[in-house]
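Protein chains: 2
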Amino acid sequence: MNEVKIYAPATIANLVCGFDVLGMCLEEPCDIMEMKLLGEKKVVLHSRDGFNLPADPAQNTAGAPLLAMLEELGQEQVGFELTIEKHIKPGSGIGSSAASAAGAVVAANHLLGNRFSKPDLVRFAMLGEKVASGVKHADNIAPCIYGGITLIRSIFPLDIITIPAPALHITVVHPLIEVRTSDARQILRKEVLLKDAIRQWGNIAGLVAGFMKSDYALIGRSLEDVIIEPVRSMLIPGFDEVKNSCIAAGALGGGISGSGPSIFMLSTSQQIARSVEMVMQEIFDRIGLAYHTYVTSVNTQGVRIHK
Amino acid sequence: MNEVKIYAPATIANLVCGFDVLGMCLEEPCDIMEMKLLGEKKVVLHSRDGFNLPADPAQNTAGAPLLAMLEELGQEQVGFELTIEKHIKPGSGIGSSAASAAGAVVAANHLLGNRFSKPDLVRFAMLGEKVASGVKHADNIAPCIYGGITLIRSIFPLDIITIPAPALHITVVHPLIEVRTSDARQILRKEVLLKDAIRQWGNIAGLVAGFMKSDYALIGRSLEDVIIEPVRSMLIPGFDEVKNSCIAAGALGGGISGSGPSIFMLSTSQQIARSVEMVMQEIFDRIGLAYHTYVTSVNTQGVRIHK
C-alpha cells in the first residue's frame, strides 16, 4: 500500500477561556488529501482547490512538516506526493493551516507503517503552523491529531492531555472578513491584571471539570474570557450581539474561534445548534456581511484515514 | 438536641497553580468545637486554648459568621454559645481561621436543623475570613465545608465545584515563623505577564484533569506555579531546598500552603509521605528553625459532627 486518502478536520482553538492551551476537533468541515509514497527523498505538492497556497514545500503548511519528517528519516529514500483539496478556508479561524499540517503528517505516517508517535506528529505539524503564522503553536494541531478536546499543558516539553466530554453540538459562523493570526496576536497586551488571570484560571478549571463531569451548566458558566475576548472581539463586527443572541437562543456559550473571525457556539442538541445558526444568519444578513455557517459535533477521532 | 461537638479540619489553599481558586481538606489537624443553642439572640465565645483570639464575636473569625447567621434569622430568639479548642495554629497557612469560621457555622446549622445550604454556610463563613485577613476569600472555607478538593470558579456569584481525586497523602511542615496573609498578598504584583498566565492556566487545567483522571504523573507535572511561588517563597527560609529534596524523595510535588509559611507535599503513599516528612525535618533542623510536621490524607467529608 503506497497511496492513502485522508480527511483532516477543522478545529477550534482556545475554547474561550483556554487561550493557547485548549482545542476541540470538529466533524465538519474537512480537507481531503491524497498522498503517494515516492522512492526518492522529496516532497511534491498539488492543489485541487482555488486557494493559491505556496507550491514550494518549505513555504507550505503541509510541506514543511513533511520535509522535517524526511530529515528525521535520515538516509532513507522515501518521499511524498500530496494532493490537497482544501475545504477549510484559510484565514477562517477554524484551523485551516493545522488541518493541512496534521493531515499531511498523519497520511505520511500511515504510509510509513505508523512509526512515529502522536506527540512526534504534533511536533512535525507545528512546523506548519510556524510557516503559516510565525508561531509554533499546537492548540489546533493537537485536537486535529488526537481528536476530541485536548489540553496543551506545555509546549516545551510537549504535554498533551485529552479531556473527555459529553456530546456537544457546535455552530460556527465565518464572517467573510480577514483577521490575520499575527495581527490578532499583536493587539494583545503583554501584561494582564492578576485579578483577571485568577478569574481566567478559575474558568478554565471549571470548563475542564464541566467537560469531565458532563455538567452542561458548568460548561456554560465557565465559557467566559475576561482577557483575550474583550480585545479581539473588536475586530469582529457584530460579535457581542451574536454571542448574546445565541445564548438567548439556548446555546451554552461560546466565543471567538482561534484568533477569529469565526465565532462558535456550543449547544446540548442539534436542534438548538440549528436555532443558533439561524440567529447568526439573521444578524450577519442584517449587518450585510457575507458568511458561511456550519452545524457540526465533536470529532473524537481526529484525522481520518479513508478505508 | 441543643448541644453539638464538631471537628473542623485544616485545609490547603491554592494547591500551587490554583491561586485563590483551589483548596483541599485535610484529615489532620482539626480544631474541636462545642456549641450550645441559646434561647436569646447572642453569641458567646469561650476559648480552651492559649491562642488569645478576640473574645468579642464581631472581631472573632468564628463569631462574625454566627452574628451574620443570627441577623439572617431575623426575629427568631436563638443564639450560640461556642467553646473553641484550636489545634490549628493561627498564622500557620493551613486554614486556621477558615476552620474556626466553617466549624462554627456547620455546628450552628446542625443545631438549627440544617436549614441553610452549603453555599449559604460558605457565604457566612467568608465573613470570618474578612475579620482574619481583610479579604472575603473561600479557598479554605469551601474545602472545609464540602470536604475533598474544591474549585471556587467565582466568588461573586459564588460557584463552588467539587473535584474528585485519587488517594493522596499529604506532608505539611510548618516552620515557626510568621507570614501575615495581608503581607503575603501585598508583595504580589498587580500585573503578570500574559505568557506566565497562559502557563499557569495550562497547569491548573492539567491539575484538574490529573485529579479527575487519577493520573498521578499528570498531577505531579501540573504542580508548577510560575506567578505566586517565585515571589512568596522568598518569605520562607529553605523553601527551594525543601521542595526539591521532597520531590527527589518521591513526592509528586507541592509548594506553599495558602500564603505560607507552611509547605505541603503530595505523595502517592503514606510511606513516601513519611520519607518526605523526614527530609523536611532534616532541613529545618539544619537551618535551626523550629517547626511542626503533619502526615495526613485528603478529608473527603469536611467539618465532622461528633455522633
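Respectively, the protein sequence lines represent chains X and L. Take this note's numbering: the final residue in the first sequence is number 307, and no numbers are missing along the way. Take this note's numbering: the final residue in the second sequence is number 614, and no numbers are missing along the way. Idealized CB from N, CA, C, for every residue including glycine.
Classification of residue i by the beta-carbon crowding that lies within 10 angstroms, buried from 16 upward
| i | result |
| --- | --- |
| phenylalanine 156/X | exposed |
| lysine 307/X | exposed |
| histidine 444/L | buried |
| serine 576/L | exposed |
| alanine 55/X | exposed |
| proline 230/X | exposed |
| glutamine 186/X | exposed |
| isoleucine 391/L | buried |
| glutamate 584/L | buried |
| alanine 217/X | exposed |
| asparagine 244/X | exposed |
| leucine 176/X | exposed |
| glutamate 224/X | buried |
| serine 96/X | buried |
| glycine 381/L | exposed |
| aspartate 139/X | buried |
| glycine 346/L | exposed |
| asparagine 109/X | buried |
Residue i - DSSP class collapsed to helix/strand/coil
| i | result |
| --- | --- |
| phenylalanine 80/X | strand |
| alanine 181/X | Checking the sequence, you will find threonine at residue 181/X rather than alanine. It is helical. |
| methionine 308/L | coil |
| leucine 418/L | helix |
| lysine 349/L | coil |
| alanine 369/L | coil |
| alanine 290/X | coil |
| leucine 542/L | helix |
| arginine 48/X | coil |
| cysteine 324/L | coil |
| serine 403/L | helix |
| aspartate 446/L | coil |
| arginine 496/L | coil |
| serine 604/L | strand |
| lysine 307/X | coil |
Below-8 Å beta-carbon distance, residue i vs any chain L residue
| i | result |
| --- | --- |
| methionine 234/X | no |
| phenylalanine 19/X | yes |
| glycine 253/X | no |
| alanine 205/X | yes |
Inter-residue Cα distance where the pair is residue i and residue j
| i | j | result |
| --- | --- | --- |
| histidine 169/X | leucine 266/X | 6 Å |
| glycine 50/X | isoleucine 88/X | 12 Å |
| tyrosine 638/L | isoleucine 526/L | There is simply no residue 638/L to check, as chain L begins at 308 and stops at 614 in what is shown. |
| leucine 501/L | histidine 46/X | 40 Å |
| isoleucine 287/X | glycine 253/X | 22 Å |
| glutamate 589/L | isoleucine 554/L | 15 Å |
| isoleucine 319/L | lysine 213/X | 23 Å |
| valine 533/L | asparagine 510/L | 10 Å |
| methionine 376/L | phenylalanine 387/L | 10 Å |
| leucine 596/L | alanine 209/X | 40 Å |
| proline 143/X | threonine 469/L | 27 Å |
| aspartate 159/X | methionine 541/L | 29 Å |
| valine 479/L | threonine 603/L | 8 Å |
| glycine 441/L | alanine 371/L | 13 Å |
| arginine 189/X | serine 564/L | 31 Å |
| glycine 93/X | proline 261/X | 6 Å |
| alanine 104/X | glycine 513/L | 29 Å |
| glycine 238/X | glycine 250/X | 18 Å |
| glutamine 200/X | valine 78/X | 47 Å |
| serine 24/X | isoleucine 579/L | Per the sequence presented here, residue 24/X reads as methionine, with serine not at that position. Roughly 38 Å between the two C-alpha positions. |
| isoleucine 228/X | serine 259/X | 9 Å |
| arginine 422/L | methionine 340/L | 20 Å |
| proline 336/L | valine 413/L | 18 Å |
| arginine 304/X | arginine 48/X | 19 Å |
| asparagine 472/L | alanine 406/L | Reading the sequence as shown, one finds alanine at residue 472/L and not asparagine. Answer to the nearest angstrom: the Cα atoms are 22 Å apart. |
| glutamate 3/X | leucine 111/X | 7 Å |
| aspartate 522/L | glycine 148/X | 19 Å |
| arginine 180/X | glycine 91/X | 7 Å |
CB contact below 8 Å: residue i versus chain X
| i | result |
| --- | --- |
| methionine 292/L | Residue numbering for chain L in the displayed model covers 308 to 614; residue 292/L lies beyond these limits and cannot be assessed. |
Beta carbon proximity, residue i to chain B, threshold 8 Å
| i | result |
| --- | --- |
| isoleucine 247/X | The structure shown has no chain B; the protein chains it does contain are X and L. |
Closer than 9 Å, Cβ to any Cβ of chain L: which residues of the segment 177 to 209 of chain X, in chain order?
-> Leu188, Arg189, Lys190, Glu191, Val192, Leu193, Leu194, Lys195, Asp196, Ala197, Ile198, Arg199, Gln200, Trp201, Gly202, Asn203, Ile204, Ala205, Gly206, Leu207, Val208, Ala209
Could you run through the segment 147 to 181 of chain X and flag, in chain order, every residue whose CB is less than 8 Å away from some CB of chain L?
-> Shown in chain order are the members of the segment 147 to 181 of chain X whose Cβ falls below 8 Å from a Cβ of chain L: Leu151, Ile152, Arg153, Ser154, Asp159, Ile161, Ile163.
Listed from N- to C-terminal order along the chain, which residues in the segment 218 to 246 of chain X have their beta-carbon within a distance smaller than 7 Å of any beta-carbon of chain L?
-> Leu218, Arg221, Ser222
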